[in-house]
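Have a look at the structure below, then the notes.
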Amino acid sequence: MSIRLYNTMSREKETFVPLEEGKVKMYVCGPTVYNYIHIGNARPAIVFDTLRRYLAYKGYEVTFVQNITDVDDKLIRKANEEQTTVAELADRYTVAYNQDLQGVNVLPPDIQPRVMNTIPEIISFIEGLIEKGFAYESEGDVYFRTNRFNEYGKLSHQPLDDLQAGARIEVNEKKENPLDFALWKAAKPQEISWESPWGAGRPGWHIECSAMALRFLGESIDIHAGGTDLTFPHHENEIAQSECFTGKPFARYWMHNAMLNIDNEKMSKSLGNFLLARDLIAKYTGQLIRFFMLSGHYRSPINFSDEMLEQAANGLDRIKNAYVNLGHRLNTAREEEPNGLAQEQAQLIESLRKRFEEEMDDDLNTANGITVLFDIAKEANLYTRHDNVGATEIKAYRQLLEELSSVLGLILQEEATLLDEEIELLIAERTEARKARNFARSDEIRDQLQEMGIILEDTPQGIRWRRK
Ligand SMILES: [Zn+2]
278 MSIRLYNTMS
288 REKETFVPLE
298 EGKVKMYVCG
308 PTVYNYIHIG
318 NARPAIVFDT
328 LRRYLAYKGY
338 EVTFVQNITD
348 VDDKLIRKAN
358 EEQTTVAELA
368 DRYTVAYNQD
378 LQGVNVLPPD
388 IQPRVMNTIP
398 EIISFIEGLI
408 EKGFAYESEG
418 DVYFRTNRFN
428 EYGKLSHQPL
438 DDLQAGARIE
448 VNEKKENPLD
458 FALWKAAKPQ
468 EISWESPWGA
478 GRPGWHIECS
488 AMALRFLGES
498 IDIHAGGTDL
508 TFPHHENEIA
518 QSECFTGKPF
528 ARYWMHNAML
538 NIDNEKMSKS
548 LGNFLLARDL
558 IAKYTGQLIR
568 FFMLSGHYRS
578 PINFSDEMLE
588 QAANGLDRIK
598 NAYVNLGHRL
608 NTAREEEPNG
618 LAQEQAQLIE
628 SLRKRFEEEM
638 DDDLNTANGI
648 TVLFDIAKEA
658 NLYTRHDNVG
668 ATEIKAYRQL
678 LEELSSVLGL
688 ILQEEATLLD
698 EEIELLIAER
708 TEARKARNFA
718 RSDEIRDQLQ
728 EMGIILEDTP
738 QGIRWRRK
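278 is the number of the first residue of the sequence shown in my numbering; add one for each residue after it.
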């Protein structure tokens, strides 16, 4: 069965056929790193990480690029407020972003380019657009000449004429047309800037994604994705820039996830329901947040509330408990069969796997995929209730549950825990290492303990430890 994905461009589910057999080039728009991400930002990260995992499960070799916007008005303002540099602020929140995503078990991108490291490519991209007549310089700014691209509006299904008529009349005399958008912005005094053929300045927002996709994935890519709020103008502008520059179609499939509401309201600072991903990960665990996000279809809005999270916790427990029960039952099961699974069991397991794949093939229907996981848990529970169970069957159920859960980024194995004696031994070894000035080893032990959730505290009586 082939995968079918809803393409915002055609407004239809289409059979997924990559440009190059067996390979997928995927670009997902990343964060502007001026603050911690809120829970709504975690949704595209989780959804498209799941798509990436599913494509890999189906045997595709995926190259996944996600940009970091580390220069823009918000960063400049915040850096000024904090009396720091834009680069320092961006570094800090890039680290935080990556931590938060790791917290919900999102795989790191293969390439995570930053604007500050892409300036030469951005400048030559803009120069190319000017040469071809698709862009013009105006008092140190450069704008894209929107009415030179007849297909402008094709992604968001808004004809150019309608957009022109609806465009608010801006008092920006630098532009030929209100719909034109900035590719390059002349630097204001004291602002971070780079030299360019148009004087000191910095890139507009949209151009970075076109330049980065071209640099790291080539002229045409398979999947371009992001939140539905990016469809217009951001993705529309990316298409205009890229297709005018290369003369080729930019992305084959455009995918957009719906928004997330909090207690049935749009999240906003003024409503006071602005929830940071890291706070919610600490409160509920990253696994539960991930499970909750995937329990709805990515194109439907999802509502975040304590009640919904409680429901999700029950669901996740059902799957985890079935997995743990299988592990316990292994102790009292018959030995493994040399000939493998009996035909009936093999067929049942295969049919469950097939059902999961059919749901996921259908535009990444993770909600129904989770329902199949519940069914696997149910079948596994029924099986373990027999008096005479076999290790072969138990292992087959366990493997199926583990494998399909990991496609959704869910981890069923219990975290490794250290016994008290093991911790004491490691601490003693660390103390010795420090005495011997072997700080590399001492740091290694501290990191290892930290990963296992053990916190060390220096006290006058020596090192004390506690579990997180
Ligand atoms: Zn983008």
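Here a beta-carbon is modelled for each residue, glycine too, at the ideal position from N, C-alpha and C.
- Query: Between Glu398 and Ile407, is the Cβ-Cβ spacing less than 8 Å?
  - Reply: Walking along the sequence shown from the start, residue 398 turns up at place 121. Walking along the sequence shown from the start, residue 407 turns up at place 130. Not in contact: Glu398 and Ile407 (Cβ atoms no closer than 8 Å).
- Message: Distance check for Ile731 and Arg707, CA to CA, integer angstroms please.
- Response: Within the sequence shown, the letter at position 430 stands for residue 707. Within the sequence shown, the letter at position 454 stands for residue 731. Taking the straight line from one Cα to the other gives about 14 Å.
- Would you mind sorting Phe651 into buried or exposed? The rule is 16 or more other CB atoms within 10 Å of its CB. Here the question's residue 651 lines up with position 374 in the sequence shown. Burial call: exposed.
- Item | Spatially closest choice to Glu428 from Ile516, Asp735, Arg329, Asp418, by CA coordinates | Here residue 428 refers to the residue found at position 151 when the sequence shown is read from its first residue. Closest by alpha carbon: Ile516.
- Ala673 and Gln622: beta carbons closer than 8 Å? Taking the first residue of the sequence shown as position 1, residue 673 is located at position 396. Taking the first residue of the sequence shown as position 1, residue 622 is located at position 345. Contact: yes.
- Query: Would the beta-carbon of Ile671 fall within 8 Å of that of Arg606?
  - Reply: The residue labelled residue 671 in the question sits at position 394 within the sequence shown. The residue labelled residue 606 in the question sits at position 329 within the sequence shown. Result yes, Cβ atoms of Ile671 and Arg606 sit closer than 8 Å.
- Message: I need the boundaries of the beta strand (DSSP E) containing Tyr429, first residue and last residue.
- Response: Position 152 of the sequence shown, counting from 1, holds the residue named residue 429. Where Tyr429 is concerned, there is no enclosing beta strand (DSSP E), given that its DSSP letter is neither H nor E.
- Where does Ser519 sit, in a helix, a strand or coil, going by DSSP? By one-based count along the sequence shown, residue 519 stands at place 242. Here Ser519 sits in helix by DSSP.
- On a CA-only basis, which of Ser719, Val305, Thr423, Ile498 is nearest Glu298? Give me that one, please. Looking up residue 298 in the sequence shown gives position 21. Ranked by Cα distance from Glu298, the first of Ser719, Val305, Thr423, Ile498 is Ile498.
- For His501, count neighbouring C-beta atoms within 10 Å of its own C-beta (all shown protein chains included) and say buried if the count is 16 or more, exposed if not. The count along the sequence shown starts at 1 and reaches residue 501 at position 224. Buried, because 16 or more other Cβ atoms sit within 10 Å of the Cβ of His501.
- Could you give the DSSP three-state label for Phe341: helix, strand or coil? For the purposes of this step, residue 341 is taken as residue 64 along the sequence shown, with counting starting at 1. Note: Phe341 maps to strand in three-state DSSP.
- According to DSSP, what are the bridge partners of Tyr283? Within the sequence shown, the letter at position 6 stands for residue 283. BP columns for Tyr283 point to Lys290.
- For the 8 Å Cβ check, are there 3 or more pairs between the region 306-324 and the region 541-559? yes
- Query: Does the distance from the C-beta atom of Val381 to that of Ile626 stay below 8 Å?
  - Reply: The residue labelled residue 381 in the question sits at position 104 within the sequence shown. The residue labelled residue 626 in the question sits at position 349 within the sequence shown. Result no, Cβ atoms of Val381 and Ile626 do not sit closer than 8 Å.
- Task: Please look up how many angstroms separate the CB atoms of Val342 and Leu494, rounded, as I've assumed it's under 8 Å.
- Result: The sequence position of residue 342 within the sequence shown is 65, counting from 1. The sequence position of residue 494 within the sequence shown is 217, counting from 1. That pair is a contact at about 6 Å.
- Message: So, does the region 420-435 touch the region 447-462, judging by three or more C-beta pairs under 8 Å?
- Response: yes
- Message: Could you tell me the alpha carbon to alpha carbon distance between Ile653 and Ser682, rounded to whole angstroms?
- Response: The residue you call residue 653 lines up with position 376 of the sequence shown. The residue you call residue 682 lines up with position 405 of the sequence shown. Using only the alpha carbons, I get a separation of about 11 Å.
- First and last residue of the beta strand (DSSP E) that includes Gly504? Residue mapping note: residue 504 aligns to position 227 of the sequence shown, counting from 1. Start and end: 498-504.
- Query: Of the choices Gly443, Lys451, Ala490, whose alpha-carbon is the least far from that of Val392?
  - Reply: The count along the sequence shown starts at 1 and reaches residue 392 at position 115. Comparing Cα positions, the closest option is Ala490.
- Message: Taking a contact to mean a Cβ-Cβ separation below 8 Å, would you say Leu366 touches Tyr311 in this structure?
- Response: Residue numbering aside, residue 366 sits at position 89 when the sequence shown is read from its first letter. Residue numbering aside, residue 311 sits at position 34 when the sequence shown is read from its first letter. Yes.
- 7 Å CB neighbourhood of Ala644 in its chain, flanking five on each side removed: Position 367 of the sequence shown holds residue 644. Excluding residues within five positions, the ones whose Cβ falls inside 7 Å are Ser572, Gly573, His574.
- Query: Cβ-heavy atom distance between Glu520 and ligand 1 below 7 Å?
  - Reply: Taking the first residue of the sequence shown as 1, we reach residue 520 at position 243. No, ligand 1 has no heavy atom inside 7 Å of this Cβ.
- How would you write the range of the alpha helix (DSSP H) that Asn602 sits in, first residue to last? One-based indexing of the sequence shown puts residue 602 at position 325. Its alpha helix (DSSP H) spans residues 583-606.
- Task: Express the C-alpha separation of His315 and Asp540 in angstroms, rounding to a whole number.
- Result: Along the sequence shown, read from residue 1 onward, the residue named residue 540 stands at position 263. Along the sequence shown, read from residue 1 onward, the residue named residue 315 stands at position 38. Straight-line Cα distance between these residues: approximately 15 Å.
- Query: In chain order, what residues of the same chain have a beta carbon less than 8 Å from the beta carbon of Met544, not counting five sequence neighbours either side?
  - Reply: The residue given as residue 544 occupies position 267 in the sequence shown. If we look at Met544 and ignore the five residues flanking it on each side, its Cβ neighbours are His315, Ile316, Gly317, Leu537, Asn538, Asn550, Phe551, Leu552.
- Item | CB-CB length for His533 against Thr285, believed under 8 Å | The residue you call residue 533 lines up with position 256 of the sequence shown. The residue you call residue 285 lines up with position 8 of the sequence shown. So it is a contact: roughly 5 Å between Cβ atoms.
- Inter-stretch contact (C-beta, 8 Å, three-pair minimum) for the region 338-357 and the region 479-488: Under the three-pair Cβ rule at 8 Å, the region 338-357 counts as touching the region 479-488.
- Item | His533: CB within 7 Å of a non-hydrogen atom of ligand 2 | With respect to ligand 2, the structure offers nothing, as its ligand set consists of ligand 1.
- Task: In angstroms with no decimal places, state the Cα-to-Cα distance between Tyr242 and Tyr370.
- Result: Nothing in the structure corresponds to residue 242, since the chain is present only between 278 and 745.
- What distance in whole Å lies between the Cβ atoms of Ala589 and Phe569, which are believed to be in contact at a cut-off of 8 Å? Taking the sequence shown and counting its residues from 1, the one referred to as residue 569 is at position 292. Taking the sequence shown and counting its residues from 1, the one referred to as residue 589 is at position 312. Contact flag correct, Cβ pair sits at about 4 Å.
- Is Trp482 helix, strand or coil by DSSP? Residue mapping note: residue 482 aligns to position 205 of the sequence shown, counting from 1. If DSSP states are grouped into helix, strand and coil, Trp482 belongs with the helices.
- Can Phe402 and Phe527 be called in contact, C-beta distance under 8 Å? Position 125 of the sequence shown holds residue 402. Position 250 of the sequence shown holds residue 527. Contact flag unset, no.
- Task: In angstroms with no decimal places, state the Cα-to-Cα distance between Thr648 and Lys525.
- Result: As a working note, residue 648 is residue 371 in the sequence shown. As a working note, residue 525 is residue 248 in the sequence shown. Approximately 41 Å, taken between the alpha carbons.
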